[in-house]
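In the working numbering, the protein residues as written are 840 to 963. Ideal placement from N, C-alpha and C gives every residue a C-beta, glycine not left out. See structure below.
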């Protein structure tokens, strides 16, 4: 978790933005068990890469990161502020268990996404 006051405030703001986005999707009927199941599948795939000792920049983790990035952008509705909030939470306050994702797995995803950004010029 963030430790300095500015990071704590930014984390609260990021959490608030993400919760509001999730609530809006639920109200529209766009949040589904299928979406959670897909996140669990992606988590299982990425966890296998991590357990195998693959670097986040290796082809396997990068492929999963591309799929995760598509889901992240879909969740955010392309909203840059929501994308930034999600990135902040991955870096500084990853959830303890979100659809089977641990903080370590979130950090690994963040590293794989950063690898994509460096080489493929994709927004992360």
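Distance CB(residue 898)-CB(residue 888) smaller than 7 Å: Between residue 898 and residue 888, the gap from beta carbon to beta carbon reaches 7 Å or more.
Work out the CA separation of residue 916 and residue 857 for me, nearest whole Å. Going by C-alpha positions, residue 857 is about 12 Å away from residue 916.
Of the choices 892, 922, 874, 913, whose alpha-carbon is the least far from that of residue 939? Measuring C-alpha to C-alpha distances from residue 939 to each of 892, 922, 874, 913 identifies 874 as the nearest.
Euclidean distance between Cα positions of residue 919 and residue 852: So the two alpha carbons sit approximately 14 Å from each other.
Taking DSSP's pairing of strands, which residues face residue 937 in a bridge? Its beta-bridge partners are 940.
Under the three-state reduction of DSSP, which class applies to residue 895: helix, strand or coil? DSSP places residue 895 in the coil class of the three-state scheme, outside both helix and strand.
Spatial neighbours of residue 881 in its chain, beta-carbon cut-off 8 Å, leaving aside the 5 residues before and after: Closer than 8 Å at the Cβ level, and outside the excluded window around residue 881, lie 903, 906, 907, 910.
Within 10 Å of its beta-carbon, does residue 859 have 16 or more other beta-carbons around it, so buried, or fewer, so exposed? Residue 859 is exposed by the Cβ-count criterion.
Report, in whole angstroms, the separation of the C-beta atoms of residue 931 and residue 850, which I expect to be a contact under 8 Å. At roughly 6 Å, the Cβ-Cβ gap stays under 8 Å, so residue 931 and residue 850 are in contact.
Work out the CA separation of residue 893 and residue 960 for me, nearest whole Å. Low local confidence applies: a pLDDT of 47 at residue 960 is under 50, so the model's placement there is unreliable, with the coordinate-based value given in what follows. Taking the Cα positions, residue 960 is about 22 Å away from residue 893.
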